[in-house]
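Enquirer: First, the structure itself, so that you have it in front of you.
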Amino acid sequence: MRIIFLTQYFPPETGAPQNRLFAMAKGLQAHGAEVTVLTAMPNYPDMRIQEAYRGKFLMHEQRDDLDVHRAWLFVSQGRGILSRLCNYFSFVFTSLLVGIFKLRKADVLLVESPPLFLGITAMWLARMKGAKLVFNVSDLWPESAVQLGLVTNKTMIRLSTWLEERCYRRATLITGQTQGIVNDIRQRFPKKEILWVPNGVDFNAIASAEGVPPSAIREHLNIKPTDLVLAYAGILGHAQGLQVVLEAAARLRERSDIHFILMGDGPEKVKLLALKKELDPIRVHFVDRMPRPELLGMMRSIDGVVVPLLRNDLFKGAIPSKIFEALALSKPVLLGVDGEARDLFITAGQAGIYFTPEDPEALAEAAVRYADDRALVALHGVNGERYVRELFDRNTITDNLWNALERLA
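Per the working numbering, the sequence shown starts with residue 5, numbered consecutively.
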């Protein structure tokens, strides 16, 4: 079976969709598929094309035995809607050109949304390459952008909704990353075949990383071995609402044994640093983005993770990907996400403590509870590892996707 992956985000970029799609492609390749990836020049999250890829319209490379074709796209560090649209639509155009002239016929074309606009390329290429279209939805567009206030123009919303519906109708199979996404699409398109393909854990990779020693992050940050360390590792963006961490830390000034680490970069980092300066002294440590081996070392050195999102009904169907690997490493989660994630990992999995989104007092109370009860930290860590091993093993998830694709092809 020949499969084309069409995505704007792919390694060597770092991030949740990049890691998930790479693992999915490798998993399908292991089943015997011939996988070709059509993606953009790597630029995320810095919004600068990486040096080795600059000045090129197209590029062909092998990445871990995957055949990868790359196309140029417009990149700007501007955060306005015009900059974003230029970024998205430039890749819609260049990926279509590269796909037409460089890719062979295929059985399946799997496209990642968002960005929704890439569905335009996907529909054209699927028809031209004789491929069945699989529309992989990791976030509902334009609904999420509207609810977050990122898109307010009524004409743009109407056109985006039309495109979303057209993409779903053209797809032979729709895959959704969360049950909330699957249920939403199923309600609107009851006759479409829809498959839940959640994020998961590569336990083989976790096992191979057993030899990675704990990092010296505590010593580097002057944190005692007995202190509680809670970390967030990922994009420092608007949707995460990370100011709740700093405001919780401000309420814990008297608890010198509780520390927070914010690791990563993103559009909100400057604001968060300014807020830290305003609230100081607080025990919140900012750490730059780090390579995966170093990240695993840091994860082995901490006690748990903090996973917040803004208070928004949209996120009741969200499952932040950073939960999975943390639990696989037996690190419990302080979860500021209501809905599906809470039901899965707190109520069913007993793998952490829920706090009300955007409520720093609730987060502070949860942190104190862990600091004062290390047996609970250990219990939630054990529960979490067992839970994701039973239900979110990436090999099983890939097997289910492969079976669905075989029926299509």
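Built from N, CA and C at the ideal position, the CB exists for glycine as well.
All figures in this text were calculated on a predicted structure; none of them were measured in a lab.
1) By how many angstroms is the C-alpha of phenylalanine 319 removed from the C-alpha of arginine 390?
2) Glycine 321 and alanine 182 - do their beta-carbons sit closer together than 7 Å?
3) CB-CB under 7 Å to serine 164, same chain, minus the five flanking residues each way: which ones, in chain order?
4) Beta carbon of valine 155, beta carbon of alanine 135: below 7 Å?
5) Suppose the cutoff is 8 Å on Cβ atoms and the five residues either side in sequence are ignored; what does the same chain contact list for arginine 1 look like?
6) Out of Leu283, Lys228, Arg259, Ser260, which one is the CA nearest neighbour of glutamine 247?
7) Please name the residue, chosen from Pro21, Met294, Glu17, Ile401, that lies closest to serine 325 on a Cα-to-Cα basis.
8) Buried or exposed: which applies to histidine 64, given that a residue is buried once 16 or more other Cβ atoms fall within 10 Å of its Cβ?
9) Using beta-carbon positions only, say whether valine 138 and leucine 114 come within less than 7 Å of one another.
10) Would you call the segment 9-29 and the segment 39-48 touching, i.e. three or more CB-CB distances under 8 Å?
11) Applying the criterion that 16 or more other CB atoms from any shown protein chain within 10 Å of the CB defines a buried residue, is serine 260 buried or exposed?
12) Out of curiosity, what's the CA-to-CA distance linking aspartate 71 and isoleucine 286?
13) When you compare the CB positions of phenylalanine 359 and alanine 366, do they come within less than 7 Å of one another, or not?
14) Determine the direct distance from the alpha carbon of glycine 123 to that of serine 117, and round the result to whole angstroms.
15) Is the segment 308-316 in contact with the segment 360-380, if contact means three or more CB pairs nearer than 8 Å?
16) Which residues in the same chain have their Cβ closer than 8 Å to the Cβ of leucine 276, if we skip the five residues on either side of it in sequence?
17) Extract the residue ranges of the alpha helix (DSSP H) inside the segment 326-411, only unbroken runs of 4 or more that lie entirely within it.
18) For lysine 136, which residues does DSSP report across the bridge?
19) Restricting to runs no shorter than 4 residues, where is the alpha helix (DSSP H) found entirely within the segment 136-180?
20) Going straight from the alpha carbon of alanine 27 to that of glutamate 38, what length do you get?
21) Roughly how many angstroms lie between the CA atoms of glycine 31 and arginine 393, to the nearest whole one?
22) Within 10 angstroms of the Cβ of valine 186, are there 16 or more other Cβ atoms? Answer buried if so, exposed if not.
23) Please confirm whether leucine 234 and glycine 184 have their CB atoms less than 7 Å apart.
24) Just to confirm, are glycine 268 and leucine 331 a CB contact at a threshold of 7 Å?
25) Drop a sphere of 10 angstroms on the beta-carbon of aspartate 68, count the other beta-carbons inside from all chains shown, and report buried for 16 or more, exposed for fewer.
26) Span of the beta strand (DSSP E) holding isoleucine 265?
27) Can you tell which of Phe93, Ala149, Asp143, Leu107 has the C-alpha that lies nearest to the C-alpha of leucine 129?
28) Once the 5 residues before and after cysteine 90 are set aside, which same chain residues still bring their CB inside 8 Å of it?
29) Under 7 Å between the Cβ atoms of isoleucine 221 and methionine 294?
Expert: Reading off the structure:
1) Going from the Cα of arginine 390 to the Cα of phenylalanine 319 covers about 25 Å.
2) The question names alanine, but residue 182 is threonine in the sequence shown. Here threonine 182 is near glycine 321, since their CB atoms are less than 7 Å apart.
3) Excluding positions up to five away in sequence, the list reads Leu120, Trp145, Pro146.
4) With contacts defined as CB atoms closer than 7 Å, valine 155 and alanine 135 fail to qualify as a contacting pair.
5) Here the chain covers residues 5 to 413 and nothing more, so residue 1 does not appear.
6) Nearest neighbour of glutamine 247 by Cα position, chosen from Leu283, Lys228, Arg259, Ser260, turns out to be Leu283.
7) Measuring from the Cα of serine 325, the nearest candidate turns out to be Pro21.
8) Result: exposed.
9) Yes.
10) Contact holds: three or more Cβ-Cβ distances are below 8 Å.
11) Serine 260 sits exposed, since fewer than 16 C-beta atoms from the chains shown fall within 10 Å of its C-beta.
12) Rounded to whole angstroms, aspartate 71 to isoleucine 286 spans 48 Å at the Cα level.
13) Result yes, Cβ atoms of phenylalanine 359 and alanine 366 sit closer than 7 Å.
14) Counting only the Cα atoms, glycine 123 lies some 7 Å from serine 117.
15) Touching, yes.
16) Answer for leucine 276: Leu240, Leu246, Gln247, Leu250, Leu266, Phe290, listed in chain order.
17) At a cut-off of 4 residues, the continuous stretches assigned as alpha helix (DSSP H) that sit fully inside the segment 326-411 are 326-332, 364-376, 378-395.
18) Its beta-bridge partners are Val112.
19) Within the segment 136-180, the complete alpha helix (DSSP H) runs of at least 4 residues are 147-151, 158-174.
20) A straight-line Cα-Cα distance of about 15 Å links alanine 27 and glutamate 38.
21) For glycine 31 and arginine 393, the distance between alpha carbons rounds to 17 Å.
22) Flag for valine 186 reads buried.
23) Not in contact: leucine 234 and glycine 184 (Cβ atoms no closer than 7 Å).
24) Between glycine 268 and leucine 331, the C-beta gap is not smaller than 7 Å, which leaves the two residues out of contact.
25) It counts as exposed.
26) Counting along the chain, the unbroken beta strand (DSSP E) around isoleucine 265 starts and ends at 262-267.
27) The shortest Cα separation from leucine 129 among Phe93, Ala149, Asp143, Leu107 belongs to Leu107.
28) These residues qualify, in order along the chain: Phe78, Ser80.
29) With a cutoff of 7 Å on beta-carbon distance, isoleucine 221 and methionine 294 are scored as not near each other.
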